[in-house]
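Asks: Structure incoming, see below.
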Amino acid sequence: QKEVEQDPGPLSVPEGAIVSLNCTYSNSAFQYFMWYRQYSRKGPELLMYTYSSGNKEDGRFTAQVDKSSKYISLFIRDSQPSDSATYLCAMSPFQGAQKLVFGQGTRLTINP
Amino acid sequence: DSGVTQTPKHLITATGQRVTLRCSPRSGDLSVYWYQQSLDQGLQFLIQYYNGEERAKGNILERFSAQQFPDLHSELNLSSLELGDSALYFCASSVEGVHTGELFFGEGSRLTVL
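Just so you know, the protein sequences line up as chains A and B, in that order. Residue numbers for the first sequence follow our numbering, so the first one is 1 and each next one is one higher. Residue numbers for the second sequence follow our numbering, so the first one is 113 and each next one is one higher.
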């Protein structure tokens, strides 16, 4: 079993919809949680960074962490075609960028 | 543009061969990371260097090796290549002392082993 599980999709939704992306994990040592976005033929880029349980909001994006359930989510409100990308969750026991463990990535398409 | 440069962008080679992938980190970043991305395994951490020294090791095969040079560029050497080594290899760099989990990725080197 992988340390981090993420449904690879693909997920296709209409423009303006609320998108929910999720990851589950098994390692209770994970304290730092991230979401990266990867456009086609590009490297991943950091979208959100959270520590421990709770919510964090940045514009149309909200990251949620539930450590008791070992479950993290990313919500995208008012989704736009430009949000079409692969979204990867990542996590680590360490502060910073050391030894990040990534999920498989969910491929998301927003249809105009 | 992340500021991380990787060469070559594409590489096609045969089984049993050896290749070298090159990475130049962002200006000022001392840490370089190598990741392998494949359809079945996702993005997997291989190895990290900090200012020329190996700092952390992940799922890197013994056939693979890396180094970071005094000018901070890094090379990943892949030898005795197998079909299963076909993947996208990413280099990333990070700023030390900034605890945001932010890696700056290059655009990757796509390796195809025939």
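Every residue, glycine too, gets a C-beta built ideally from N, C-alpha and C. Keep in mind the model is a prediction, meaning the values are calculated, not measured.
#1: Check whether the stretch 95 to 111 of chain A touches the stretch 6 to 19 of chain A, counting contact only when three or more Cβ pairs, one atom from each stretch, lie closer than 8 Å.
#2: Among residues of its own chain, excluding the 5 on either side of SER122(B), which ones have a beta-carbon nearer than 6 Å to its beta-carbon?
#3: Which residues, in chain order, does the stretch 8 to 23 of chain A contribute to contact with chain B at a C-beta distance below 7 Å?
#4: Pick from LYS70(A), ALA90(A), LYS67(A) and GLN31(A): whose alpha carbon is nearest that of GLU214(B)?
#5: For PRO81(A), which of helix, strand or coil comes out of DSSP?
#6: By DSSP, does LEU100(A) sit in helix, in strand, or in coil?
#7: Going by beta carbon distance, what residues of the same chain come within less than 6 Å of ASN189(B), once the five residues before and after it are set aside?
#8: If you measure from the beta carbon of SER92(A) to each beta carbon in chain B, is any gap under 8 Å?
#9: Could you tell me which chain A residues have their CB closer than 9 Å to the CB of GLN160(B), listed as they occur along the chain?
#10: Is the Cβ of GLN64(A) closer than 8 Å to any Cβ of chain B?
#11: Can you grab the Cα-Cα spacing for the pair GLN1(A) / GLU165(B), in whole Å?
#12: With 8 Å as the threshold, decide whether the Cβ of GLY128(B) is near any Cβ in chain A.
#13: Could you pull the start and end residues of the beta strand (DSSP E) that GLN160(B) belongs to?
#14: What residue range is occupied by the uninterrupted beta strand (DSSP E) comprising VAL144(B)?
#15: Would you tell me roughly how many angstroms separate the C-alpha atoms of ARG77(A) and SER20(A), rounded to the nearest one?
#16: Could you give the distance in angstroms between the alpha-carbon of TYR201(B) and the alpha-carbon of TYR147(B)?
#17: From the DSSP secondary-structure annotation, give me the bridge partner or partners of LYS56(A).
#18: Among LEU193(B), ALA204(B) and CYS203(B), whose alpha-carbon lies nearest the alpha-carbon of LEU226(B)?
#19: At a CB-CB cut-off below 9 Å, which residues of chain B make contact with GLU3(A)?
#20: Please list the residues of the stretch 39 to 68 of chain A that have a C-beta atom closer than 8 Å to any C-beta atom in chain B, keeping them in chain order.
#21: For a contact defined as C-beta to C-beta under 9 Å, what are the partners of GLN80(A) on chain B?
#22: Pairing CB atoms from the stretch 46 to 58 of chain A with CB atoms from the stretch 140 to 160 of chain B, are three or more of them under 8 Å?
#23: Run through the stretch 188 to 213 of chain B for me and flag every whole beta strand (DSSP E) of 3 or more residues, listed as ranges in chain order.
#24: DSSP three-state label for HIS122(B), please.
Replies: A quick look at the data gives this:
#1: Judged by Cβ distances under 8 Å, the stretch 95 to 111 of chain A makes contact with the stretch 6 to 19 of chain A, as three or more pairs qualify.
#2: The amino acid occupying residue 122(B) in the given sequence is His; Ser does not appear at that position. In the same chain as HIS122(B), and ignoring 5 residues on each side of it, the C-beta atoms closer than 6 Å to its own belong to ARG222, in chain order.
#3: Within the stretch 8 to 23 of chain A, no residue qualifies.
#4: Ranking LYS70(A), ALA90(A), LYS67(A) and GLN31(A) by CA distance to the CA of GLU214(B) puts ALA90(A) first.
#5: Here PRO81(A) carries a helix assignment [DSSP, helix/strand/coil].
#6: Of the three classes helix, strand and coil, the one that applies to LEU100(A) here is coil, per DSSP.
#7: THR132 and SER177, listed in sequence order.
#8: With respect to chain B, the C-beta atom of SER92(A) has a partner C-beta closer than 8 Å.
#9: ALA97, GLN98 and LYS99, listed in chain order.
#10: Against chain B, the CB of GLN64(A) has no partner CB under 8 Å away; the residue lies outside that interface.
#11: Using only the alpha carbons, I get a separation of about 32 Å.
#12: Not closer than 8 Å to any Cβ of chain A, the Cβ of GLY128(B) fails to qualify, so no.
#13: In this chain, the beta strand (DSSP E) harbouring GLN160(B) covers 154 to 162.
#14: Per DSSP, VAL144(B) is one residue of the beta strand (DSSP E) stretching across 143 to 150.
#15: Taking the straight line from one Cα to the other gives about 9 Å.
#16: Roughly 6 Å between the two C-alpha positions.
#17: ALA63(A), per the DSSP bridge assignment.
#18: Taking only the C-alpha atoms, the option nearest LEU226(B) is LEU193(B).
#19: Listed along chain B is no residue with a C-beta nearer than 9 Å to that of GLU3(A); the closest approach is about 11 Å.
#20: The stretch 39 to 68 of chain A vs chain B, Cβ under 8 Å: ARG41, LYS42, GLY43, PRO44, GLU45, LEU46 and TYR49.
#21: None at all; the shortest Cβ gap to chain B is about 22 Å.
#22: As far as the Cβ criterion goes, the stretch 46 to 58 of chain A does not touch the stretch 140 to 160 of chain B, which means the pair count is below three.
#23: The DSSP assignment places 199 to 206 as complete runs of the beta strand (DSSP E) inside the stretch 188 to 213 of chain B, in order along the chain (cut-off: 3 residues).
#24: In this structure, HIS122(B) counts as strand in the three-state DSSP scheme.
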